[in-house]
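Novice:
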Amino acid sequence: MNKSRDGRSSPVQSLSPAGGARQQSLRTHNLALVLRAVVEAPAPLTRARIAAALGLTRSTASDLVDRLVAARLVDELEPELVGRAGRPGMLLAPHRGGVAGLGLEVQVDHLAVRVTALDGSSLGEARLAGDHRASDPAAVARSLGHLAGQVTAQLPTQVELVGACVSVPALLRSGSGVVQLAPNLGWSGVNLVELLCEHPALRTLAIELGNDADLSARAETRARAVAGQSVREAQSFLYIAGEVGIGGAIIIDGEPARGQHGWSGEIGHVVIDRSGPRCACGATGCLEQYAGLDVIRRRSGLSVDTTVDQLLDRERRSIRVRRSLQWASSAIGVAVATTLNLVDVERVVLGGVYARLFDHLAPGIEREVRSRVLAARWAPVDVVPAVAGPDSAATGAGWRVLDGVVADPARWIADHAHP
Ligand SMILES: [Zn+2]
Numbered sequence: 017m018n019k020s021r022d023g024r025s026s027p028v029q030s031l032s033p034a035g036g037a038r039q040q041s042l043r044t045h046n047l048a049l050v051l052r053a054v055v056e057a058p059a060p061l062t063r064a065r066i067a068a069a070l071g072l073t074r075s076t077a078s079d080l081v082d083r084l085v086a087a088r089l090v091d092e093l094e095p096e097l098v099g100r101a102g103r104p105g106m107l108l109a110p111h112r113g114g115v116a117g118l119g120l121e122v123q124v125d126h127l128a129v130r131v132t133a134l135d136g137s138s139l140g141e142a143r144l145a146g147d148h149r150a151s152d153p154a155a156v157a158r159s160l161g162h163l164a165g166q167v168t169a170q171l172p173t174q175v176e177l178v179g180a181c182v183s184v185p186a187l188l189r190s191g192s193g194v195v196q197l198a199p200n201l202g203w204s205g206v207n208l209v210e211l212l213c214e215h216p217a218l219r220t221l222a223i224e225l226g227n228d229a230d231l232s233a234r235a236e237t238r239a240r241a242v243a244g245q246s247v248r249e250a251q252s253f254l255y256i257a258g259e260v261g262i263g264g265a266i267i268i269d270g271e272p273a274r275g276q277h278g279w280s281g282e283i284g285h286v287v288i289d290r291s292g293p294r295c296a297c298g299a300t301g302c303l304e305q306y307a308g309l310d311v312i313r314r315r316s317g318l319s320v321d322t323t324v325d326q327l328l329d330r331e332r333r334s335i336r337v338r339r340s341l342q343w344a345s346s347a348i349g350v351a352v353a354t355t356l357n358l359v360d361v362e363r364v365v366l367g368g369v370y371a372r373l374f375d376h377l378a379p380g381i382e383r384e385v386r387s388r389v390l391a392a393r394w395a396p397v398d399v400v401p402a403v404a405g406p407d408s409a410a411t412g413a414g415w416r417v418l419d420g421v422v423a424d425p426a427r428w429i430a431d432h433a434h435p
């Protein structure tokens with residue numbers, strides 16, 4: 017693939033001396049770019065705008081769009097309203113209700129399922145509260161399979177699930193379906209894909225695993241793209257997923273910096289105080305022991321099943337809750353400052369329950385960042401709440417599945433030729 021300066025693929029118009037095979041591969045390449053442009057556009061595009069944006073001729077762009085419309089990956093809406101002479105172009109949008117990704121989420125205190133369509137809409141979803149601390153993986157897999165079965169049974173017949181992706185707050189063994197270590201679930205070396213395959217609702221689907229913070233960050237990049245934020249403005253950030261555990265992801269130009277094993281971003285285990293409390297990971301003084309949701313609840317004098325709504329409600333009346341949130345926010349700020357001294361990004365996105373607690377956490381984080389990040393006086397750091405909405409890891413898991421179709425629609429079309 018050709019890469020432009022922002023790291024994205026760029027279209028190819030003409031060829032050096034080469035045969036039909038290369039012509040075919042360029043067509044495949046450009047088809048993927050056209051689909052990606054439609055999927056990530058903040059508003060419906062026309063064929064002419066796609067051609068201009070990608071530097072393709074009108075007729076090439078038009079042919080590629082026709083192929084995507086015929087394959088039910090792109091919908092033609094209505095003609096564009098224009099105030100000038102000439103024939104208006106048809107507005108185009110990602111197809112809604114056909115191809116979809118099944119996103120599943122295992123969290124310490126809940127399970128979630130969401131079916132995401134190519135236009136980003138949710139075609140079906142469910143959430144189930146639970147306590148998965150030191151849980152039996154087989155029992156959790158059974159509950160998750162059952163929840164997925166309830167959601168998929170309600171889907172209209174025209175919905176075509178491409179596959180499933182399961183979000184886990186864990187280090188994963190790349191490509192193996194195995195959870196290497198999930199400290200807060202008490203899982204180690206668990207073949208979760210094998211357990212899930214036993215469920216009738218999932219048996220026929222290809223299932224992959226993803227880290228919860230990585231998947232939430234995937235949902236976040238998509239949400240920011242459709243909100244019209246440019247790569248420069250919004251697609252490089254440190255994402256922090258606050259739950260019982262704390263995950264992180266580093267996104268540069270819209271792409272995750274995953275590292276050699278896919279394990280980058282474990283901000284929950286950055287050390288705040290090496291003589292601090294023992295962490296579920298075995299070390300001492302990790303961020304999770306200062307700012308994980310269970311610790312915030314405990315220091316607030318609340319039980320582990322206290323919801324975030326209840327916590328926020330209490331905050332208005334309780335100095336203890338306020339102090340607990342301040343304590344958490346300065347610890348997050350220290351971990352964020354440590355990270356930003358190593359990684360050059362100027363935006364921090366607070367996701368998971370931290371998005372809900374944003375107003376209480378942001379000031380403390382900003383204070384630590386201002387005083388600890390060496391470059392902050394020249395490149396002020398923005399701390400913002402996530403915009404991807406609740407259960408964003410399940411949304412991101414759906415996108416992870418759909419990314420396969422968007423990256424290579426020609427293969428999808430060949431495999432799923434519609435009569
Ligand atoms: Zn730890």
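The opening residue of the sequence shown carries number 17 in this note's numbering; numbering runs sequentially from there.
Using N, Cα and C, we set each Cβ at its ideal position, and we do this for glycine too.
Owing to the predicted nature of the structure, the values given are computational and were not obtained by experimental measurement.
Please determine if the region 410-424 and the region 120-133 are in contact, where contact requires at least 3 C-beta pairs separated by less than 8 Å.
Specialist: Yes: the two stretches touch, three or more of their Cβ pairs being nearer than 8 Å.
Novice: Pairing CB atoms from the region 258-265 with CB atoms from the region 279-291, are three or more of them under 8 Å?
Specialist: Output reads yes: the region 279-291 touches the region 258-265.
Novice: Going by other Cβ atoms of all chains shown within 10 Å of its Cβ, with 16 needed for buried, is L390 buried or exposed?
Specialist: With fewer than 16 other Cβ atoms within 10 Å, it is exposed.
Novice: For C181, list the residues DSSP reports as bridge partners.
Specialist: Paired residue(s): G119 and E224.
Novice: Quick one: using the 10 Å Cβ neighbour count with 16 as the cut-off for buried, is W428 buried or exposed?
Specialist: Label assigned to W428: buried.
Novice: Quick one: Cα of Q166 to Cα of P396, how far?
Specialist: Rounded to whole angstroms, Q166 to P396 spans 47 Å at the Cα level.
Novice: Would you check if the region 85-98 and the region 136-151 touch, i.e. whether three or more CB-CB distances between them fall below 8 Å?
Specialist: No: fewer than three Cβ pairs fall under 8 Å.
Novice: Tell me whether A299, by its Cβ, gets closer than 7 Å to a heavy atom of ligand 1.
Specialist: A299: yes, Cβ under 7 Å from ligand 1.
Novice: With S138 as the anchor, note down where its beta strand (DSSP E) starts and where it stops.
Specialist: Here the beta strand (DSSP E) through S138 covers S138 to A145.
Novice: Specify the secondary structure class of H148 as computed by DSSP and reduced to three states.
Specialist: Note: H148 maps to coil in three-state DSSP.
Novice: Can you check whether the CB of R158 is closer than 8 Å to the CB of V124?
Specialist: No, the pair does not count as a contact, with Cβ atoms beyond the cut-off.
Novice: Shorter than 7 Å, the distance from the beta carbon of E259 to the closest heavy atom of ligand 1, or not?
Specialist: Outside the cutoff, so no.
Novice: Confirm, please, whether the CB-CB distance from L225 to L188 is below 8 Å.
Specialist: Yes, these two residues count as a Cβ contact at 8 Å.
Novice: Between which residues of its own chain and E94 is the CB-CB distance below 8 Å, once the five residues before and five after are set aside?
Specialist: Answer for E94: M106 and L107, listed in chain order.
Novice: What are the boundary residues of the alpha helix (DSSP H) that includes N454?
Specialist: Outside the displayed range of the chain (17 to 435) lies residue 454, so it cannot be described from this structure.
Novice: May I have the straight-line CA-CA distance separating E214 from D329, to the nearest angstrom?
Specialist: Between E214 and D329, the C-alpha separation is close to 42 Å.
Novice: Using only the heavy atoms of ligand 1, determine whether one of them is closer than 7 Å to the beta carbon of E304.
Specialist: Checking the Cβ of E304 against ligand 1 gives yes.
Novice: What's the call for S316, buried or exposed, on a 16-neighbour Cβ count within 10 Å?
Specialist: S316 should be labelled buried.
Novice: Buried or exposed: where does A402 fall if 16 or more other Cβ atoms within 10 Å of its Cβ makes it buried?
Specialist: A402 comes out buried.
Novice: Quick check: what's the CA-CA separation for A59 versus V242?
Specialist: Computed Cα separation, rounded: 8 Å.
Novice: Considering only C-alpha positions, which residue in the set P172, L231 and C295 is nearest to V311?
Specialist: Among P172, L231 and C295, the Cα nearest to that of V311 is on C295.
Novice: Please report how far the alpha carbon of G202 lies from the alpha carbon of G308, in whole angstroms.
Specialist: Between G202 and G308, the C-alpha separation is close to 16 Å.
Novice: Tell me the DSSP secondary structure of G284 in three-state form.
Specialist: Helix, per DSSP.
Novice: For a test of your reading of the model: does the CB of H285 fall under 7 Å from any non-hydrogen atom of ligand 2? Yes or no.
Specialist: Inclusion of ligand 2 in the displayed structure is not the case, the ligand content consisting of ligand 1 alone.
Novice: Could you tell me which of A410, Q251, A430 and C302 sits nearest to D398, measuring between CA atoms?
Specialist: Taking only the C-alpha atoms, the option nearest D398 is Q251.
Novice: Among N227, E304 and S408, which has the Cα closest to the Cα of V350?
Specialist: Selected option, being the one with the closest Cα: E304.
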